[in-house]
Amino acid sequence: MRGLRPTGPRKSSLWARLRRVRLRRATRSTTPLEKSLRLAEARLAGLISTTVDAIICIDSHQRITLFNEGAEHIFGYTAPEALGRPLDLLLPERYQGAHQRHIQQFAAGDQASRRMGERRTIIGRRKSGGEFPAEASISKVELDGALLLTVILRDISARMLAEQELRTSEERFRTAFADAPTGMALVGLDDRFLSVNTAMCDIVGYTPGELLARTFRDITWPEDLEQTLQYRQRLLSGEVHSYQLEKRYIHQQGHPVSILLTGSLVRDPHGKPLHFIAQAQDISQRKKLERAQHFLAEAGPRLASSLDPRMTISTVAGLAVPALADWCIVDLVDEHGQVQAVEAAAASPEKYECLRELLATHPRDPSLQGEVVARVLRTGHAVLLPESPEAAVDVTAEDGHRLELLHRLRPVSGLIVPLRAREQTLGAVILWTSESGRRYGESDLALAEALASRAALAIDNARLHEKSELATRLRDEVLRVVAHDLRTPLNVMALCTATLMKAPLEQRTATRTLETLRKAADRANRLIQDLLDVARMESGHLSVERTAVESTALVQEALDLHGTLAQQKSIQLSRDLPEQAPTLLVDHDRVIQILSNLLGNAIKFTPEGGHVSVQARPEGAMMRFSVRDTGQGIPPEHLAHVFEPFWQAQAGRKEGAGLGLAIVKGLVDAHGGRLWVESSPGLGSTFSFTLPTQPPAGQPRAQAP
């Protein structure tokens, strides 16, 4: 019984009685039964001394008679400190009286044992004064006429802390789950919803009870189910731990809802699958925006592909149905508000036939398309009709057939958007939903207005193009009339002047007047030729006839033509060409025209005593020509305009029609060359251009860009 010996002094009556019993037994012979008893006692003593629970024995006066190592560890007292002292030593003062009464009642009762603190947790007090929760049981036994009470107590601080942490964690999870802005659901292995939060219900439009009665298959868009099932199987097989995909749910009202789904699988400690966790983020607006951007990106090129206004409104109708509407009408009006053209489109053949009948049997009068449409055309402001009131399709009371046709179209929600460009209303796009049940909102209005804006710009551009084409045709006709009707009298004047100037000297009484008349006729002819050249340039009909021309001879011919004019102003003319200048492949007369225009301008703007030079240098397959003068130069802000038709640096100055440099550019471009100018005020100007040279024999000529 050495194992039962307390660690303190042997003053306990319990241990004294046990020692006396052991001594009596020692005086007798040892029997097998006694040996078994001693072995059991030794085992019990070892168990009592080594258990982590507190084992405390008290007598009938509730004084401590046994205090094991577990009790020492829990309460902080050593056995000598605790033995012989009242049990109240181990209890908070506020509980001492109640515990004394409970123990007295138990000692007097018939129960041999019971759990202490059945209604609430026992509270113990350590030597340090700290309190802790515990669970305890009490038993009683009578030994040698004396009552022995044994209390077994376990410190449950760690367990209660863990339970509290678990409760806190579970509460956090419940709160995070329930209040999360993202849809969340627990889904069983049978695909049924086990738990759903408010956000998930909001996404699909069901109540929690309605969702818990369904499976995720029931609310998955049919075309997206197969992919979802594949990911589900990959989770179960352990191939992936989680996945994310875009899919669609079926809203309670029947329309698809785009979501970003994240799925994972919860397993038990042994790896057995328990349930799925699904997180669903509603991305309907993002997908709608992506579709809108794609729609507008596709609409732009299609609307710009034609310069016919009627074709454009047909394109608008084709774009709107079915992307934006179940049926639509597009009106194109003139500046007086009268319908010029109308186009219709519908998602179903039946509705399209109804629209055709509507447009064929009734005048194209905006006032008969309903007060809403007329107001949009009048004010230029769009109208959104989320729900279709009767007023949206109102007609005059006597027009029953029109009313019948509109009712057959069954409008649900409408958008009437003006086609506006440059502060003018060009028409209207009338969009309606019907069989789809779709209700328009602000985002739909914004998309329709973006489409209408692009369409209006395309229509306006087409109209401007028509006007430009008409103006070009009128201009060409005027030029043709001028060239034909003016050249005849001018030619007669020139011929008569030449004839008179050949007469004998005594008959030429007005030689100076005749010379002036001849120059005027020549100038008028040159002006007419310049106008015709500009017209040909703008229409793309300015052509050149290429032949092999020697560079040196060409430059000298141009200089000879302007020699007299240069001498009159004492201007020196010079040339700088390489000895072996390559042969040009150009139109001889047109190049003479280029050089003449540049030399004429250079002499005109160079003061007396100045210098004008022509330089030429080979540059690959081209020859670069430069006409340089020592005139007043060109201001930097004018350099970008010098090649524009009819442009002059100073308006009102009578220095020509402003066509010379424009014609030079057109002729250089026609040859496949390049023209540019370099100038600084006070330092003169240099006009440079390139022309193609004749390639060596057997080498093909490069095509002009």
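Sequential numbering from 0 applies to the sequence shown in numbering that gives the first Met the number 0.
C-beta atoms are modelled at their ideal positions from N, C-alpha and C, and glycine is treated no differently.
Cβ pair residue i, residue j closer than 8 Å
i: isoleucine 458; j: proline 694; result: no
i: alanine 135; j: valine 150; result: yes
i: leucine 244; j: leucine 264; result: no
i: glutamine 592; j: leucine 666; result: yes
i: proline 644; j: histidine 670; result: no
i: serine 569; j: glycine 608; result: yes
i: alanine 580; j: valine 611; result: no
i: valine 320; j: alanine 345; result: yes
i: leucine 357; j: leucine 404; result: yes
i: isoleucine 121; j: alanine 133; result: yes
i: leucine 444; j: leucine 414; result: yes
i: serine 433; j: valine 411; result: yes
i: glutamate 422; j: alanine 381; result: no
i: lysine 350; j: leucine 408; result: yes
i: alanine 81; j: leucine 146; result: no
i: leucine 430; j: alanine 455; result: no
i: leucine 354; j: isoleucine 328; result: yes
i: arginine 84; j: arginine 62; result: yes
i: tyrosine 439; j: leucine 402; result: no
i: leucine 575; j: glutamine 614; result: In the sequence as presented, leucine is not what sits at residue 575; that position holds aspartate. For aspartate 575 and glutamine 614, yes; Cβs fall inside 8 Å.
i: alanine 552; j: leucine 584; result: no
i: phenylalanine 74; j: arginine 125; result: yes
Residue i: first and last residue of the uninterrupted alpha helix (DSSP H) it sits in
i: valine 79; result: The sequence shown places proline at residue 79, rather than the valine named in the question. From DSSP, the alpha helix (DSSP H) with proline 79 extends over 78-81.
i: lysine 664; result: 659-669
i: aspartate 223; result: 221-236
i: glutamine 292; result: 283-303
i: glycine 208; result: 207-211
i: glutamine 252; result: Note, glutamine 252: premise wrong, no alpha helix (DSSP H); not H, not E.
i: phenylalanine 215; result: Unbroken run through phenylalanine 215: none, as it is neither H nor E.
i: aspartate 201; result: 197-203
i: alanine 145; result: From DSSP, alanine 145 is part of no alpha helix (DSSP H) but of the beta strand (DSSP E) over 145-154.
Member of the options whose CA lies at the smallest distance from the CA of residue i
i: arginine 453; options: Ala427, Tyr242, Gly630; result: Ala427
i: glutamate 130; options: Pro91, Ala157, Gly144; result: Pro91
i: glycine 204; options: Gly182, His640, Ala322, Gly436; result: Gly182
i: serine 127; options: Asp143, Val239, Thr77; result: Thr77
i: isoleucine 633; options: Lys664, Leu594, Ala447, Glu677; result: Glu677
i: alanine 177; options: Val613, Glu334, Ser194; result: Ser194
i: glycine 123; options: Ile102, Ile137, Leu86; result: Leu86
i: leucine 152; options: Gly399, Arg114, His250, Ala316; result: Arg114
i: lysine 246; options: Glu238, Arg233, Arg231, Gln226; result: Gln226
i: asparagine 196; options: Ala455, Ala212, Arg216, Ala179; result: Ala179
i: asparagine 460; options: Ala420, Leu430, Leu446; result: Ala420
i: glycine 708; options: Leu674, Asn600, Gly630; result: Residue numbering for the chain in the displayed model covers 0 to 704; residue 708 lies beyond these limits and cannot be assessed.
i: leucine 188; options: Leu376, Ala620, Phe172, Thr214; result: Thr214
i: leucine 541; options: Ile662, Asp154, Glu636; result: Ile662
i: glutamate 137; options: Arg84, Ile55, Glu169, Arg171; result: Position check: residue 137 holds isoleucine in this sequence, whereas glutamate was assumed. Among Arg84, Ile55, Glu169, Arg171, the Cα nearest to that of isoleucine 137 is on Ile55.
i: glycine 379; options: Gln339, Leu402, Leu425; result: Leu425
i: alanine 184; options: Leu210, Glu169, Phe642; result: Leu210
i: glutamine 567; options: Val626, Ile602, Asp52, Val371; result: Ile602
i: alanine 298; options: Met310, Leu288, Leu318, Ser283; result: Leu318
i: glutamate 578; options: Arg616, Thr563, His561, Pro606; result: Arg616
beta-carbon residue i near the ligand PLP non-hydrogen atom, thresh 7 Å
i: alanine 451; result: The ligand PLP is not part of the structure shown, which contains no ligands of any sort.
Start and end residues, beta strand (DSSP E) containing residue i
i: lysine 126; result: No beta strand (DSSP E) holds lysine 126; DSSP gives it neither H nor E.
i: glutamate 549; result: 546-549
i: proline 255; result: 255-266
i: threonine 689; result: 684-691
i: valine 51; result: Run containing valine 51: none; DSSP gives neither H nor E here.
i: glutamine 339; result: 338-345
i: threonine 629; result: Careful: threonine 629 lies outside any beta strand (DSSP E) and carries neither H nor E.
i: glycine 187; result: 182-187
i: leucine 88; result: Here leucine 88 belongs to no beta strand (DSSP E), and DSSP marks it neither H nor E.
i: serine 678; result: 674-678
Beta carbon proximity, residue i to chain B, threshold 8 Å
i: tryptophan 431; result: Here there is only one protein chain, and chain B is not present.
inquiry  = Using 8 Å as the cut-off, can you tell me whether the segment 165-173 makes contact with the segment 67-85, which would need three or more C-beta pairs spanning the two stretches below that distance?
reply    = Contact between the segment 165-173 and the segment 67-85 is absent, because fewer than three Cβ pairs lie under 8 Å.
ask   = Is it true that the segment 300-314 meets the segment 272-280, where meeting means three or more beta-carbon pairs spaced less than 8 Å apart?
value = Contact between the segment 300-314 and the segment 272-280 is absent, because fewer than three Cβ pairs lie under 8 Å.
inquiry  = Taking 8 Å as the cut-off, does the segment 544-561 touch the segment 679-689 (at least 3 CB pairs, one atom from each stretch)?
reply    = No, they do not touch.
message = I'd like the ranges of any beta strand (DSSP E) spanning at least 3 consecutive residues and lying wholly in the segment 568-623.
response = Runs found: 571-575, 582-585, 610-618.
task = Flag this pair as touching only if the segment 244-261 and the segment 277-289 have three or more C-beta atom pairs under 8 Å; answer yes or no.
result = When Cβ pairs closer than 8 Å are counted between the two stretches, the segment 244-261 is seen to touch the segment 277-289, the count reaching three or more.
query = At a cut of 8 Å, does the segment 245-257 reach the segment 209-222 through at least three beta carbon pairs?
reply = Yes, since at least three Cβ pairs between the segment 245-257 and the segment 209-222 fall closer than 8 Å, the two stretches touch.
request  = Enumerate, from N- to C-terminal direction, the unbroken alpha helix (DSSP H) stretches of 4 or more residues contained entirely within the segment 381-457.
outcome  = The qualifying runs are 399-407.
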